[in-house]
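Asker: Sharing a structure here in structure tokens format.
Residue numbers (our numbering): 13 to 655.
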């Protein structure tokens, strides 16, 4: 047995060593290791579920019996034993059809999923059509939309494209009517898949655009499926470079999700695209990676089969031992010849039994003592775990409180969408809450924007932002919404008064801040910055406005020049951007260096003609593609306005 596991370990280790160059195979291997670690838990869960089923079968209550059968089926499904899962789900469904129609739809849905997992498309189609008819009779639009999406997916797999189109368009209409983004996503992504298979790139692009809007607004996790379909659409259009880019995004999201099947699908798509692009070296590398992933999937199935064989082998071994002992006992009964010899044998056996009893008694005493010691240790560990959990809960509550306070400050700001054409804000904190913040106010004809980067992160940084936003609001109110340079000077002076040299106290020490005022009537903008620059886009040309090289609250050895105002007259469609230095200070995955300002400036110039929201989304996507798997180094905040 140990040799088998040694061979499996060597076999899998070769995959891991081979795949370290691209970090795909090790992550897939880790995923399987996590899954295998649950084997003992699943066997215990199965045993408990079967025991509960036996108890319920005696009572005869239909609702409890349905639940017990479904529970056993659920555990079998988690163990990958689909045949047994289908058998017990079918038993629950037969009872539900007679006694509990409310459970019937749920069980039909489970039968569809099980047959799909078992690659039995006709069986899945039968139960999916029955589920749809049930929801139509019950006039349940939500359930009907779900069943139509599943039915459309099965029709696509069976290449019944007309039936798939009818079902999916009906599902989409119901989802829109119900105003349910999740339902609409299922219909839209299946329609995209349908038109990709029909090689109708125009229709596929229309539905993929809607899918992107749903992902953006509702924070879905199905980016892998979206990018794969987008890549296939570009392939139909012969846009190979864009197809490769989309497939690369798909692989990145699939790797983050730790789904080996999704990773394999993304890798195969890249291999196919590089082959079309005649980049044979890259294509060969991805095909090799795909082969290793498939072998890894097969090895996981092999490991599961070994577990099943081990259980059967142990049961058979015990049966053989019992049979052998029985035969030996029968044979021993016929060996008794005379009573004297029998007496001697009995005496010897009694003596041996007494010694065995004494040894057993001593062993049980030692075992009892050991169990008592273990229970005492477990109680102490439990007490410590309760204490740690309580402390962790307090810490988590503190962080959440800081986050709610910070969100309250943002939520309490005026509605500047009435003043400007478009506004884009994106907060990417290093921890739960950020040390970067923005604050706006609007009175009469003056709009004021404060954009700041406070030191520290998480809770400390969050409370710094609260104090600094309150201090900025106080100074701006006193200075009557005018002269950003003087506002910065006054904030700096008041911060220095808060510093106490006799205490270890550094509230917002070295804050970076920009203050910008805009007259909404004559479009006159005045900007002053303390280590935070302004990116100004006029007629699709990006201008970098240098800030003063001072931070707020810091005491310099030499006197620094006063803050300077920069004055502009804005035109319609002009854009201004403030980006905290966490963006340019991020270490890149490939370069292992910071991004630097010139790289960001060049990227913004390449996207200068795009709409404000698209520019913002491209900036965020560029930040994540630059960072890749590298750890984030600082809080990042983006704020853009379009006149």
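Each residue gets a CB set at the ideal place from its N, CA and C atoms; glycine is no exception.
Which term fits residue 452, buried or exposed, when burial requires 16 or more other beta carbons within 10 angstroms of its beta carbon?
Answerer: Within the chain shown, residue 452 is the residue found at index 440, counting from 1. Classification of residue 452: buried, given that the 10 Å Cβ count is 16 or more.
Asker: Counting only the same chain and skipping the five closest in sequence on each side, list residues whose C-beta sits under 7 Å from that of residue 493.
Answerer: The residue you call residue 493 lines up with position 481 of the chain shown. Counting only Cβ-Cβ distances below 7 Å, and skipping sequence neighbours, we find 455, 458, 460 and 529.
Asker: From what residue to what residue does the beta strand (DSSP E) around residue 578 run?
Answerer: Taking the chain shown and counting its residues from 1, the one referred to as residue 578 is at position 566. It spans 578-581 - the beta strand (DSSP E) in which residue 578 sits, taken as one unbroken run.
Asker: For residue 8 versus residue 557, is the C-beta spacing smaller than 8 Å?
Answerer: This structure cannot settle anything about residue 8, because the visible part of the chain is limited to 13 through 655.
Asker: With DSSP as the reference, label residue 603 as helix, strand or coil.
Answerer: What you label residue 603 is simply residue 591 of the chain shown in a count that begins at 1. Here residue 603 sits in coil by DSSP.
Asker: Taking C-alpha atoms, which residue in 646, 164, 434 and 505 lies nearest to residue 628?
Answerer: On the chain shown, position 616 is the one that residue 628 refers to. Nearest option by C-alpha distance: 434.
Asker: When DSSP labels each residue in this structure, what does residue 466 get in the three-state scheme?
Answerer: Reading the chain shown from its first residue, position 454 is the one you call residue 466. The answer is coil: DSSP assigns residue 466 none of H, G, I, E or B.
Asker: Here's a check: name, in chain order, each residue in its chain whose Cβ is nearer than 6 Å to the Cβ of residue 582, leaving out the five neighbours to either side.
Answerer: If you number the chain shown from 1, residue 582 lands on position 570. Counting only Cβ-Cβ distances below 6 Å, and skipping sequence neighbours, we find 535, 537 and 655.
Asker: Would you call the segment 613-626 and the segment 563-575 in contact, with 3 or more CB pairs under 8 Å?
Answerer: Not touching, per the Cβ criterion.
Asker: What do you reckon, are the CB atoms on residue 144 and residue 163 nearer than 8 Å?
Answerer: Within the chain shown, numbered from 1, the residue matching residue 144 stands at position 132. Within the chain shown, numbered from 1, the residue matching residue 163 stands at position 151. Yes.
Asker: Can you tell me where the alpha helix (DSSP H) holding residue 491 begins and where it ends?
Answerer: For the purposes of this step, residue 491 is taken as residue 479 along the chain shown, with counting starting at 1. Premise fails: residue 491 is in no alpha helix (DSSP H) and is neither H nor E.
Asker: Can you give me the start and stop residues for the beta strand (DSSP E) that residue 549 sits inside?
Answerer: Mapped onto the chain shown, residue 549 falls at position 537. Per DSSP, residue 549 belongs to the beta strand (DSSP E) from 546-550.
Asker: Go ahead and label residue 653 buried or exposed: buried means 16 or more other beta carbons lie within 10 angstroms of its beta carbon, across all protein chains shown.
Answerer: As a first step, residue 653 must be located in the chain shown, where it is residue number 641. Buried is the call here.
Asker: Can you list, in chain order, the residues of its chain with a C-beta nearer than 8 Å to that of residue 612? Leave out the 5 residues immediately preceding and following it.
Answerer: The residue labelled residue 612 in the question sits at position 600 within the chain shown. Correct list, in chain order: 591, 595 and 596.
Asker: Would residue 473 and residue 522 be called neighbours here (beta carbons separated by less than 8 Å)?
Answerer: One-based indexing of the chain shown puts residue 473 at position 461. One-based indexing of the chain shown puts residue 522 at position 510. It is not a contact, given that the beta carbons lie outside the stated cut-off.
Asker: Comparing C-alpha positions only, which one of 67, 74 and 87 sits nearest to residue 57?
Answerer: Here residue 57 refers to the residue found at position 45 when the chain shown is read from its first residue. Checked all of 67, 74 and 87; the closest Cα to residue 57 is 87.
Asker: What is the DSSP secondary structure of residue 524, counted as helix, strand or coil?
Answerer: In the chain shown, residue 524 corresponds to position 512, counting from 1. Strand, per DSSP.
Asker: Residue 240 and residue 294 look like a contact to me (Cβ under 8 Å); what is the Cβ gap, rounded to whole Å?
Answerer: For this step, residue 240 is matched to residue 228 along the chain shown. For this step, residue 294 is matched to residue 282 along the chain shown. The Cβ separation is near 18 Å, so there is no contact.
Asker: Count the other C-beta atoms from every protein chain shown that fall within 10 angstroms of the C-beta of residue 204, then say buried if there are 16 or more, exposed otherwise.
Answerer: By 1-based counting over the chain shown, the position of residue 204 is 192. When all chains shown are included, residue 204 counts as buried.
Asker: Please tell me whether residue 631 and residue 650 are closer than 8 Å, where the distance is taken between their beta carbons.
Answerer: Here the question's residue 631 lines up with position 619 in the chain shown. Here the question's residue 650 lines up with position 638 in the chain shown. Closer than 8 Å, so yes.
Asker: List the endpoints of the continuous beta strand (DSSP E) containing residue 553.
Answerer: As a position in the chain shown, residue 553 is number 541, starting the count at 1. Here the beta strand (DSSP E) through residue 553 covers 553-557.
Asker: Under the rule that 16 or more other beta-carbon atoms within 10 Å means buried, what is residue 605, buried or exposed?
Answerer: Along the chain shown, read from residue 1 onward, the residue named residue 605 stands at position 593. Burial call: exposed.
Asker: Identify every run of the alpha helix (DSSP H) within the segment 193-222, keeping only runs that are complete inside it and at least 4 residues long; order them along the chain.
Answerer: As far as the segment 193-222 is concerned, its whole alpha helix (DSSP H) runs of at least 4 residues are 193-209.
Asker: Can you name the residues that DSSP bridges to residue 435?
Answerer: Stepping through the chain shown from its first residue, residue 435 is reached at position 423. Its beta-bridge partners are 653.
Asker: On the three-pair Cβ rule with 8 Å, is the segment 206-219 touching the segment 242-253?
Answerer: Yes, the segment 206-219 touches the segment 242-253.
Asker: Considering Cα atoms alone, identify which of 127, 111, 116 and 115 is closest to residue 98.
Answerer: Sequence index remark: in the chain shown, residue 98 carries index 86 (1-based). Minimum Cα distance to residue 98 is reached at 127.
Asker: Starting from the C-beta of residue 532, find all residues in its chain whose C-beta is less than 7 Å away, skip the five residues before and the five after it, and write them out in chain order.
Answerer: Along the chain shown, one-based indexing puts residue 532 at 520. Cβ neighbours of residue 532 beyond the five flanking positions: 431, 457 and 459.
Asker: For residue 103 and residue 78, I'd like the C-alpha separation in whole angstroms.
Answerer: Start at 1 with the first residue of the chain shown, and residue 103 comes out as number 91. Start at 1 with the first residue of the chain shown, and residue 78 comes out as number 66. For residue 103 and residue 78, the distance between alpha carbons rounds to 8 Å.
Asker: Is residue 543 helix, strand or coil by DSSP?
Answerer: As a position in the chain shown, residue 543 is number 531, starting the count at 1. Coil, per DSSP.
Asker: In this structure, how does DSSP classify residue 646 when only helix, strand and coil are distinguished?
Answerer: Along the chain shown, read from residue 1 onward, the residue named residue 646 stands at position 634. Coil, per DSSP.
Asker: If the criterion is Cβ atoms closer than 8 Å, does the pair residue 68 and residue 76 meet it?
Answerer: Looking up residue 68 in the chain shown gives position 56. Looking up residue 76 in the chain shown gives position 64. Yes.
Asker: With DSSP as the reference, identify every bridge partner of residue 267, one or two as the case may be.
Answerer: The residue given as residue 267 occupies position 255 in the chain shown. Its beta-bridge partners do not exist; DSSP assigns none.
Asker: Do you know offhand how far residue 440's Cα is from residue 500's?
Answerer: To locate residue 440, count along the chain shown from 1; it is residue 428. To locate residue 500, count along the chain shown from 1; it is residue 488. Spanning the two alpha carbons is a distance of roughly 25 Å.
Asker: Can you say whether residue 587 is buried or exposed, counting buried as having 16 or more other CB atoms within 10 angstroms of its CB?
Answerer: Locating residue 587 in the chain shown gives position 575, where the first residue counts as 1. Buried, since its Cβ has 16 or more Cβ neighbours within 10 Å.
Asker: Give me, in chain order, the residues of the same chain whose beta-carbon lies closer than 6 Å to that of residue 298; leave out the 5 immediate sequence neighbours on both sides.
Answerer: Here residue 298 refers to the residue found at position 286 of the chain shown. Within the same chain, residue 298 has close Cβ partners 279, 282 and 283.
Asker: Roughly how many angstroms lie between the CA atoms of residue 638 and residue 393, to the nearest whole one?
Answerer: Translated into the one-based positions of the chain shown, residue 638 becomes position 626. Translated into the one-based positions of the chain shown, residue 393 becomes position 381. Near 44 Å, if we compare the C-alpha coordinates of residue 393 and residue 638.
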